[in-house]
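In our numbering, the protein residues as written are 20 to 502.
What follows is the structure, encoded as structure tokens:
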């Protein structure tokens, strides 16, 4: 069966049965808040720069200061939650995230905003993986696939509307309200989580301090090196040093997990064909899809001269579709099988991205792209929930926390790698700076230069997704957790 085995709650805190809507609100609202803030700041960067007198480097760090600790500490936060209590760490993450949002809103200098964003990312790493684990523990078996589908839709919605919300808030209010809005939402989320969710634990009974240090440091350096690659050059000593150090630290982490009797990431999880392959699909899916979205959002602004808000709205057929499709995928998972949904999702997504690349020209009409955007969105929607369900369903109940952390970590690594690699391909064939600086003069040559880089880069994204579709063919139709 596809349904996941019931989670083991802490005996003293075994949760009462709660309405599904209340459970989804308790885990979904914090998840939406965290994923929203991943991209919400991007459309507000010009306003923040003018208000704080920020440099170009500062603007990059307003984004990277969030994504780096978020990606680096997902696995660590999931492991700590397994040991200390998932609900406790989840609520702590919401509290810290809310406080950091208030600090970001009150920032008077660029370094203050950067520091607050870093704390947001660190706290968000505690919310993202544990929200899925707590959901799996709180709903009955018969509703779990549907619930995970809705969770996937909420997560996708946060990513989708981030740039749109950021643009709307900046145009209607002030950039600080991007962060102030998190405060009442965070307070509500803490109340819901404290009253609706029950406590649960899993994994080894003791913390693994060395494992925590090696994994966090290794992921931080690896992701940092990938993010810096396009700007500093992949062969620069700075980037090579970070990539090498990150790889060595992660290698040491895996060696220690193999020897440690109480590992934070049990390597036996990867003996499961379903768990190993679904994480590989997660990597290719996130790299190809989000790398392409990153460039296409800029296409509408740089080439077609749209505002950030209008550009974000143009991508909604792609980015909003998962909100509708993901819950449906969860509902039909038992009938058609998870492998079928994942393969179909990757095929639709690859086809949509390839279509967009083939149709992109300086004068392309939006009507020529909207169907391709919708096809890509349907593909993403068919992927979100089944990947999460396959990941959790292929491990023991007590391992779900660390499995969720590993899957989320690989997804974030894929996003970073995809954006960096596709940006490098773009730079090899096109020119972003020339197009941007010449936009006021309506330079057709500059616009063409951007498209010249966009097309091969997005083609590479489509090819990466297509590889994931082939890998997904080897997945089992339904996961079976080891006994």
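Using N, Cα and C, we set each Cβ at its ideal position, and we do this for glycine too.
For residue i, which residues in the same chain have their Cβ closer than 6 Å to its Cβ, ignoring the five residues on either side in sequence?
i           : result
residue 249 : 439, 442 and 443
residue 88  : 137, 140 and 141
residue 337 : 392, 395 and 396
residue 129 : 71, 73 and 77
residue 283 : 98, 227 and 230
residue 461 : Confidence at residue 461 is low in this model, with a pLDDT of 47, below 50, so its placement is unreliable and no value can be given for it.
residue 498 : 293, 409, 412 and 413
residue 491 : 300, 361, 362 and 365
residue 145 : 96, 108 and 112
residue 41  : 215
Using three-state DSSP, classify residue i as helix, strand or coil.
i           : result
residue 298 : helix
residue 192 : coil
residue 88  : helix
residue 57  : helix
residue 490 : helix
residue 139 : helix
residue 214 : helix
residue 1   : Residue coverage of the chain in this structure runs from 20 to 502, which leaves residue 1 outside it and unanswerable.
residue 73  : coil
residue 322 : coil
residue 382 : coil
residue 127 : coil
residue 158 : coil
residue 498 : coil
residue 256 : helix
residue 200 : coil
residue 334 : coil
residue 463 : helix
residue 305 : helix
residue 475 : helix
residue 513 : Within the shown structure, residues of the chain are numbered from 20 to 502, placing residue 513 beyond reach of any answer.
residue 49  : helix
residue 456 : For residue 456, the predicted model reports a pLDDT of 48, less than 50, meaning its position is unreliable; a value from the coordinates is still stated below. Residue 456: helix per DSSP, three-state reduction.
residue 468 : helix
residue 291 : coil
What residue does the alpha helix (DSSP H) around residue i start on, and which one ends it?
i           : result
residue 237 : 228 to 251
residue 449 : Counting along the chain, residue 449 falls outside any alpha helix (DSSP H), and DSSP gives it neither H nor E.
residue 112 : 105 to 124
residue 418 : Taken as a continuous stretch (DSSP letters only), residue 418 belongs to no alpha helix (DSSP H), as it is neither H nor E.
residue 353 : 340 to 355
residue 405 : 389 to 412
Going along the chain, which residues of its own chain have a beta-carbon closer than 7 Å to the beta-carbon of residue i, five neighbours each way excluded?
i           : result
residue 493 : 296
residue 119 : 135, 138, 139 and 142
residue 83  : 246
residue 381 : 322, 463, 466, 467 and 470
residue 485 : 369
residue 288 : 294, 414, 418 and 422
residue 390 : none
Among residues of its own chain, excluding the 5 on either side of residue i, which ones have a beta-carbon nearer than 8 Å to its beta-carbon?
i           : result
residue 242 : 86, 87, 90, 91, 265, 431, 432 and 435
Check whether chain D comes within 8 Å of residue i, counting only Cβ atoms and requiring the distance to be less than that.
i           : result
residue 268 : Of the protein chains in this structure there is only one, and it is not chain D.
Cβ contact (3+ pairs, closer than 8 Å) linking the region 400 to 409 and the region 118 to 133: The count of Cβ pairs closer than 8 Å, one atom from the region 400 to 409 and one from the region 118 to 133, stays below three, leaving the stretches out of contact.
Cβ contact (3+ pairs, closer than 8 Å) linking the region 260 to 269 and the region 381 to 389: Touching, no, given that fewer than three Cβ pairs across the two stretches are closer than 8 Å.
Given 8 Å, three or more beta-carbon pairs between the region 395 to 402 and the region 424 to 440: The region 395 to 402 vs the region 424 to 440: no contact.
Cβ pair count under 8 Å reaching 3, the region 142 to 158 against the region 410 to 426: With a cut-off of 8 Å, the region 410 to 426 and the region 142 to 158 count as touching, because enough Cβ pairs lie within range.
Three-pair Cβ contact test at 8 Å for the region 242 to 257 versus the region 98 to 110: Remark: fewer than three beta-carbon pairs, one from each stretch, lie closer than 8 Å, so the region 242 to 257 and the region 98 to 110 are not flagged as touching.
Validate contact between the region 411 to 429 and the region 368 to 375 using beta carbons, cut 8 Å, 3 pairs: Output reads no: the region 368 to 375 does not touch the region 411 to 429.
Stretch-stretch touch, CB-based, cutoff 8 Å, three pairs: the region 100 to 116 with the region 200 to 214: At 8 Å Cβ cutoff, the stretches touch.
Stretch-stretch touch, CB-based, cutoff 8 Å, three pairs: the region 271 to 279 with the region 475 to 483: Flag = no, the region 271 to 279 and the region 475 to 483 do not touch.
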